[in-house]
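In what follows, a single structure is set out as structure tokens and then discussed.
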Amino acid sequence: MRIEIINGRLIDPAQNIDQLGALYIEKDKIVGFLNAPAGFIADKSIDAQGLIVCPGFIDLSARLREPGKSNKGTIESETKAAASAGFTSLCVPPDSNPVTDSVEVVELLKDKAEKYHYSQVYPVAALTKKLAGSELSSLYALKKAGCIAVSQAHHPIQDLLILRRAMEYAATHDLLLIFCPQEASLSNGGCAHEGAMASRYGLPSIPYAAETIALMQCIELIEQTGCRVHFRGISCARSVALIKRAKKLGLALTADVAMHQLHLTDADMLPYDSAYHVIPPLRSEQDKQGLLAGVRKGIIDSICSDHQPHDKDAKLGAFPETEAGMSSLETVLPLMMRLVEQGDLELMPAIAKLTSAPANILRLNTGSLAEGQVADVCVFDPQKKWQVNQQSWLSLGRNTPFWQDMMQAKVVHTIQAGKVIYTQSL
Numbered sequence: 010m011r012i013e014i015i016n017g018r019l020i021d022p023a024q025n026i027d028q029l030g031a032l033y034i035e036k037d038k039i040v041g042f043l044n045a046p047a048g049f050i051a052d053k054s055i056d057a058q059g060l061i062v063c064p065g066f067i068d069l070s071a072r073l074r075e076p077g078k079s080n081k082g083t084i085e086s087e088t089k090a091a092a093s094a095g096f097t098s099l100c101v102p103p104d105s106n107p108v109t110d111s112v113e114v115v116e117l118l119k120d121k122a123e124k125y126h127y128s129q130v131y132p133v134a135a136l137t138k139k140l141a142g143s144e145l146s147s148l149y150a151l152k153k154a155g156c157i158a159v160s161q162a163h164h165p166i167q168d169l170l171i172l173r174r175a176m177e178y179a180a181t182h183d184l185l186l187i188f189c190p191q192e193a194s195l196s197n198g199g200c201a202h203e204g205a206m207a208s209r210y211g212l213p214s215i216p217y218a219a220e221t222i223a224l225m226q227c228i229e230l231i232e233q234t235g236c237r238v239h240f241r242g243i244s245c246a247r248s249v250a251l252i253k254r255a256k257k258l259g260l261a262l263t264a265d266v267a268m269h270q271l272h273l274t275d276a277d278m279l280p281y282d283s284a285y286h287v288i289p290p291l292r293s294e295q296d297k298q299g300l301l302a303g304v305r306k307g308i309i310d311s312i313c314s315d316h317q318p319h320d321k322d323a324k325l326g327a328f329p330e331t332e333a334g335m336s337s338l339e340t341v342l343p344l345m346m347r348l349v350e351q352g353d354l355e356l357m358p359a360i361a362k363l364t365s366a367p368a369n370i371l372r373l374n375t376g377s378l379a380e381g382q383v384a385d386v387c388v389f390d391p392q393k394k395w396q397v398n399q400q401s402w403l404s405l406g407r408n409t410p411f412w413q414d415m416m417q418a419k420v421v422h423t424i425q426a427g428k429v430i431y432t433q434s435l
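In short: position in the sequence shown from 1, add 9, done, that's this note's numbering.
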């Protein structure tokens, strides 16, 4: 199919372009930017008057819950939610059931994604077998099967020698390690930031040091092994300072932050409301401002959803006993635009954090509207107001603290590899 998108505001951070114009797509590639190729006749025309046209969003951490946890979400439901939110590429952490430590699980994920017409699901391989932290998975075979990176998700590694050997192996085979910095002994099963809120309500707490000590240990090993590392889910200002220092040394590392960490703090938590139970926990206002400064200055490279849908039972009970995580794919765009509206971020750099930056981290041939790139495109209305409710929500997980809130900015069309995978219903 040939598609033209006309009269839109084209924003492409990779080319540093923000101007009115048109985009032309043939098969799975962008074949014209601003100007139509000779003889181009569109099969489908999209009038983007008053809309923003940008690269499709790329998420560095989105749990689809399949295989094994289909009561929380399915590949079908969560990829539909992703498409409706402008996401054209999803990295899936390895902590499914069974764990992504075999070629068979990778093939299952990719086959199911293809079945539901969402081809760009990128499995992340388990660094150790069953994520037990003791024996390395068959990492090279998993890479050949289609895994884009390796990770332990939030599961601890038994000791630093195993982490060192894993990083040496990953460096040898040019594998990206996605590392969630959290020292398990210091986290100690906590569920909230070590601050006034946790003290007031008697919640087991997680100190900054649980993140920063794990971060510093991994940075030391990056210097020793040369492994390419992406730090997933930074939550405190001290970590931003450590990453800034490591980058000045020229180490091969990048970092991201979950969108909710740029909006919420522990002071926003409603007592005993498990929608606010996330790992890493919501930190202080000072940390939130430090994270925002890190995003603005490019110390934090990208923003992700950290999407974790849960069923109702997983969020019932006492706060510490509930499962951590937030269903968040569908709020990323409006929350990004809220940051822009508040003056915390400028529009083009904000879009870059969801497009060109994660594409560079993952070495994907997307994240740009340049000619020759894969035609992953998001068309959204920055003024459209909508409410987070059962009618507007596609994820099976309702676990969001933004439920019933009014949002502004809504996706109108999502195009993945030249195919329209979502169009907003009237």
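Backbone N, C-alpha and C fix where the C-beta goes; we use that ideal spot for every residue, glycine too.
As the structure is a computational prediction, the values presented were derived from the model and not from experiment.
Sub-8 Å separation of residue i and residue j beta-carbons
i              : j              : result
leucine 348    : leucine 271    : yes
glutamate 220  : serine 194     : no
glutamine 425  : aspartate 385  : yes
serine 333     : isoleucine 288 : Reading off the sequence shown, one finds alanine at residue 333, where the question assumed serine. Yes, the pair counts as a contact, with Cβ atoms nearer than the cut-off.
glycine 427    : aspartate 37   : yes
isoleucine 157 : threonine 137  : no
valine 108     : leucine 60     : no
alanine 379    : alanine 31     : no
aspartate 68   : histidine 316  : yes
alanine 418    : methionine 346 : yes
lysine 256     : isoleucine 171 : no
proline 290    : serine 404     : no
aspartate 296  : cysteine 227   : no
glutamine 396  : glutamine 413  : yes
glutamine 399  : isoleucine 39  : no
proline 64     : threonine 274  : no
valine 388     : isoleucine 14  : yes
Inter-residue Cα distance where the pair is residue i and residue j
i                : j              : result
leucine 344      : methionine 416 : 8 Å
glycine 406      : serine 336     : 6 Å
alanine 323      : leucine 300    : 29 Å
leucine 338      : valine 421     : 16 Å
isoleucine 20    : alanine 175    : 39 Å
alanine 179      : glutamine 191  : 20 Å
alanine 135      : isoleucine 187 : 10 Å
asparagine 44    : tyrosine 431   : 25 Å
threonine 234    : lysine 321     : 43 Å
methionine 357   : glutamine 129  : 24 Å
leucine 212      : glutamate 203  : 9 Å
phenylalanine 96 : methionine 10  : 21 Å
glutamine 392    : alanine 94     : 15 Å
isoleucine 360   : glycine 155    : 27 Å
Where residue i falls: helix, strand or coil (DSSP)
i              : result
tyrosine 178   : helix
histidine 319  : coil
aspartate 390  : strand
aspartate 110  : coil
cysteine 63    : strand
serine 314     : coil
aspartate 277  : helix
leucine 32     : strand
asparagine 16  : strand
tyrosine 149   : helix
proline 46     : coil
threonine 409  : coil
alanine 384    : coil
glycine 41     : strand
lysine 53      : strand
isoleucine 308 : coil
isoleucine 430 : strand
leucine 99     : strand
CB-CB length for residue i against residue j, believed under 8 Å
i             : j                 : result
serine 311    : lysine 362        : 5 Å
leucine 3     : valine 101        : The structure shown does not extend to residue 3, since the chain is modelled only from 10 to 435, so the question has no answer here.
valine 159    : valine 133        : 7 Å
threonine 340 : phenylalanine 411 : 5 Å
serine 401    : threonine 331     : Serine 401 to threonine 331, Cβ: 25 Å. No contact.
alanine 267   : glycine 242       : 6 Å
alanine 71    : alanine 91        : 7 Å
arginine 237  : leucine 185       : 5 Å
Residue burial classification, residue i (beta-carbon count within 10 angstroms, cutoff 16)
i              : result
threonine 88   : buried
lysine 306     : exposed
threonine 181  : exposed
methionine 206 : buried
isoleucine 50  : exposed
glycine 259    : exposed
serine 143     : exposed
aspartate 120  : exposed
serine 105     : buried
arginine 209   : exposed
glutamine 351  : exposed
alanine 276    : exposed
asparagine 25  : exposed
Check: residue i C-beta below 7 Å from any heavy atom of the ligand COA
i              : result
isoleucine 312 : The ligand COA is absent from the structure shown, which contains no ligand whatsoever.
CB contact check: residue i to chain D, cutoff 8 Å
i          : result
valine 349 : The question asks about chain D, but that chain is absent: this structure has only one protein chain.
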